[in-house]
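Novice:
Residue numbers (the working numbering), protein chains in the order written: chain S, 430 to 734; chain L, 408 to 427.
Right under this line is the structure:
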C-alpha cells in the first residue's frame, strides 16, 4: 500500500514511521503508544499547529484529511492532552509519569503554565533529586547544577535568591523517605503548578480580556492578572450544556437562576479546540467516577508490587 | 462550506447516557 512519512516528536525522543495513506488518527496514535510502551493512552494525543493555533489529531478521521502541512515528514507532537485530577493516584506507570514530568517541567520553564516562585524552587529541587538522587556533599559539588535549566526566566532574576533556596532545599528537605521522595513524586508538578489547565484567551461582550481554563474539574474564567484563582468556576456537574456558534461560546449552567455565560473567541478554531477539550476532560471526569477498568486495576496492582 | 461553524455538548446528557 502507498505510504507517507510521519515524524513524531515526544518530550525526549523523535521517531519516524511509514504511515499508510488510508490510516486514521487512531491507527497512528496506537502505533506510537505501542512503540513507547505506553498503556495509559487516554491522557495523550498527537498535536499539530495550524496558523498559530494548536489542534489535535482526531482518532476517527484520516490522518491526511486533517489540515496538516502535507510536506513530508508530516510532523506531530506526542503530548499529554488531558491532565489528571490526582496525579499520584491516576498516573500509574513510570513511562506515563515520566512523560508528564517532562512536559509540565518544560511548560513551567517556558512560562506556559504559571508557577509561583516558591513552588518553582521546590519543584526544581524535586527535579534535581529525580535526576541525581539524594544530595551527597562529596559528589554534588558547588556549581554542579550550573548547566541545568531548572527555573522559569521570571524566577531567575538576580534579585531572587534562588540558588541559595535550592542549596538549602537540597540537603534539608530532600532525603529518602521524607517529603515527596519515591513514587508519585514527579507528576506533582502538575498539581503544584497550574493544575493542568489549558488556557485560552476569550473576550467577553464588553471586550474585556479574560482567560478561560479547561481542566479535569470543569471550566474556569480568569482575570489575566490572576491566573491562579478563577473569578468564576463551572464544575462539570453544575453545567447543563456547552456550545459555540462561530466565534461565540456559551456555557449554560444547570441552575436556571445562574446567568448563562457567553464570550467571544478570537477564532472559530479556538472554539472547536475548547469544545474538544471540554468533551475529553468531562469524559475522563465521568470515568474516574466509575470503577476502574480491568486494565487499570491490573496496572495498579503491578505498580504496587 | 465544509467547516462546521457550530458545536454542542450536552454535559448532563452525557452523564445520563453513562448511568443508563
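Each residue gets a CB set at the ideal place from its N, CA and C atoms; glycine is no exception. Computed from a predicted model, the values in this text were never measured in an experiment.
Rounded to whole angstroms, what's the CA-CA distance from residue 432(S) to residue 677(S)? Just pull it up for me.
Specialist: As a working note, residue 432(S) is residue 3 in the first chain. As a working note, residue 677(S) is residue 248 in the first chain. If you take the alpha carbons of residue 432(S) and residue 677(S), they lie about 40 Å apart.
Novice: How many angstroms separate the CA atom of residue 607(S) from the CA atom of residue 447(S)?
Specialist: Reading the first chain from its first residue, position 178 is the one you call residue 607(S). Reading the first chain from its first residue, position 18 is the one you call residue 447(S). A caution first: residue 607(S) carries a pLDDT of 31, below 50, which makes its placement in the model too unreliable to give a value.
Novice: Under 8 Å between C-beta atoms, does residue 701(S) make it to chain L?
Specialist: Stepping through the first chain from its first residue, residue 701(S) is reached at position 272. Judged by the 8 Å Cβ criterion, residue 701(S) is in contact with chain L.
Novice: Can you tell me the Cβ-Cβ gap for residue 683(S) and residue 668(S), rounded? I've got them flagged as a contact below 8 Å.
Specialist: Locating residue 683(S) in the first chain gives position 254, counting from the first residue. Locating residue 668(S) in the first chain gives position 239, counting from the first residue. That belief holds up - the Cβ atoms of residue 683(S) and residue 668(S) are roughly 6 Å apart, short of 8 Å.
Novice: Reducing DSSP to helix, strand and coil, say where residue 506(S) ends up.
Specialist: Taking the first residue of the first chain as 1, we reach residue 506(S) at position 77. The answer is strand: DSSP assigns residue 506(S) an E or B state.
Novice: Note down the Cα distance separating residue 578(S) from residue 675(S), rounded to an integer number of angstroms.
Specialist: Your numbering for residue 578(S) matches position 149 in the first chain. Your numbering for residue 675(S) matches position 246 in the first chain. Between residue 578(S) and residue 675(S), the C-alpha separation is close to 41 Å.
Novice: How about the stretch 463-476 of chain S and the stretch 507-516 of chain S: do they share at least three Cβ pairs that are nearer than 8 Å?
Specialist: Yes, since at least three Cβ pairs between the stretch 463-476 of chain S and the stretch 507-516 of chain S fall closer than 8 Å, the two stretches touch.
Novice: Is the Cβ-Cβ distance between residue 478(S) and residue 454(S) less than 8 Å?
Specialist: Locating residue 478(S) in the first chain gives position 49, where the first residue counts as 1. Locating residue 454(S) in the first chain gives position 25, where the first residue counts as 1. Going by C-beta atoms, residue 478(S) is not nearer than 8 Å to residue 454(S).
Novice: Is DSSP giving residue 549(S) helix, strand or coil here?
Specialist: The residue you call residue 549(S) lines up with position 120 of the first chain. Residue 549(S): helix per DSSP, three-state reduction.
Novice: Answer with yes or no whether the minimum CB distance from residue 423(L) to chain S is below 8 Å.
Specialist: Within the second chain, numbered from 1, the residue matching residue 423(L) stands at position 16. It does not; no Cβ of chain S falls within 8 Å.
Novice: Measuring straight from C-alpha to C-alpha, what distance separates residue 427(L) and residue 559(S)?
Specialist: By one-based count along the second chain, residue 427(L) stands at place 20. By one-based count along the first chain, residue 559(S) stands at place 130. Spanning the two alpha carbons is a distance of roughly 45 Å.
Novice: If you follow the beta strand (DSSP E) that residue 444(S) is in, where does it begin and where does it stop?
Specialist: Within the first chain, residue 444(S) is the residue found at index 15, counting from 1. Unbroken beta strand (DSSP E) run through residue 444(S): 443-449.
Novice: Going along chain S in order, which residues have a C-beta closer than 7 Å to the C-beta of residue 412(L)?
Specialist: Position 5 of the second chain, counted from the start, is the residue given in the question as residue 412(L). Those are 674, 675, 697, listed as they occur along chain S.
Novice: Sorted by chain position, which residues of the same chain lie with C-beta nearer than 6 Å to residue 497(S)'s C-beta, five sequence neighbours on each side aside?
Specialist: Translated into the one-based positions of the first chain, residue 497(S) becomes position 68. The residues are 477, 503.
Novice: So, does the CB of residue 452(S) fall closer than 8 Å to a CB anywhere in chain L?
Specialist: Stepping through the first chain from its first residue, residue 452(S) is reached at position 23. So no, residue 452(S) is outside the interface.
Novice: Could you tell me the boundaries of the alpha helix (DSSP H) in which residue 730(S) lies?
Specialist: The count along the first chain starts at 1 and reaches residue 730(S) at position 301. It spans 723-733 - the alpha helix (DSSP H) in which residue 730(S) sits, taken as one unbroken run.
Novice: Which chain L residues are close to residue 711(S), counting only those with a beta carbon under 8 Å from its beta carbon?
Specialist: Taking the first residue of the first chain as 1, we reach residue 711(S) at position 282. Neighbours of residue 711(S) on chain L, chain order: 416, 418, 421.
Novice: Check the Cβ of residue 670(S) against every Cβ in chain L and list those closer than 9 Å, keeping chain order.
Specialist: For this step, residue 670(S) is matched to residue 241 along the first chain. Residues of chain L passing the Cβ test: 415, 416, 417, 418, 419, 420.
Novice: Tell me where the beta strand (DSSP E) around residue 649(S) begins and ends.
Specialist: As a position in the first chain, residue 649(S) is number 220, starting the count at 1. Where residue 649(S) is concerned, the enclosing beta strand (DSSP E) stretches over 647-651.
Novice: Listed in chain order, which residues of the stretch 479-505 of chain S have Cβ atoms closer than 9 Å to some Cβ of chain L?
Specialist: Going along the stretch 479-505 of chain S in chain order, one finds no residue with a Cβ nearer than 9 Å to chain L.
Novice: By how many angstroms is the C-alpha of residue 486(S) removed from the C-alpha of residue 505(S)?
Specialist: The residue given as residue 505(S) occupies position 76 in the first chain. The residue given as residue 486(S) occupies position 57 in the first chain. Approximately 9 Å, taken between the alpha carbons.
Novice: For residue 698(S) and residue 449(S), what's the separation of their Cα atoms in angstroms?
Specialist: The residue given as residue 698(S) occupies position 269 in the first chain. The residue given as residue 449(S) occupies position 20 in the first chain. Whole-angstrom Cα-Cα distance: 27 Å.
Novice: What do you get for residue 434(S), buried or exposed, if any count of 16 or more other CB atoms within 10 angstroms of its CB means buried?
Specialist: In the first chain, the residue the question calls residue 434(S) occupies position 5. Label assigned to residue 434(S): exposed.
Novice: Starting from the Cα of residue 692(S), find the closest Cα among 651(S), 492(S), 664(S) and give me that residue.
Specialist: The count along the first chain starts at 1 and reaches residue 692(S) at position 263. Looking at the Cα atoms, 651(S) is the closest of the given residues.
Novice: Verify whether the separation of the beta carbon atoms of residue 660(S) and residue 482(S) is less than 8 Å.
Specialist: Taking the first residue of the first chain as 1, we reach residue 660(S) at position 231. Taking the first residue of the first chain as 1, we reach residue 482(S) at position 53. Result no, Cβ atoms of residue 660(S) and residue 482(S) do not sit closer than 8 Å.
Novice: Should residue 529(S) and residue 556(S) be called a contact, given that it needs their Cβ atoms to be closer than 8 Å?
Specialist: As a working mapping, residue 529(S) is identified with position 100 in the first chain. As a working mapping, residue 556(S) is identified with position 127 in the first chain. No, the Cβ-Cβ distance between residue 529(S) and residue 556(S) is not below 8 Å.
Novice: Which one of 707(S), 702(S), 637(S) has the shortest CA to CA distance from residue 649(S)?
Specialist: The residue you call residue 649(S) lines up with position 220 of the first chain. It is 707(S) whose Cα lies nearest to the Cα of residue 649(S).
Novice: Is the shortest distance between the beta-carbon of residue 665(S) and the beta-carbons of chain L less than 8 Å?
Specialist: Numbered from its first residue, the first chain carries residue 665(S) at position 236. Answer yes: the Cβ-Cβ gap between residue 665(S) and chain L drops below 8 Å somewhere.
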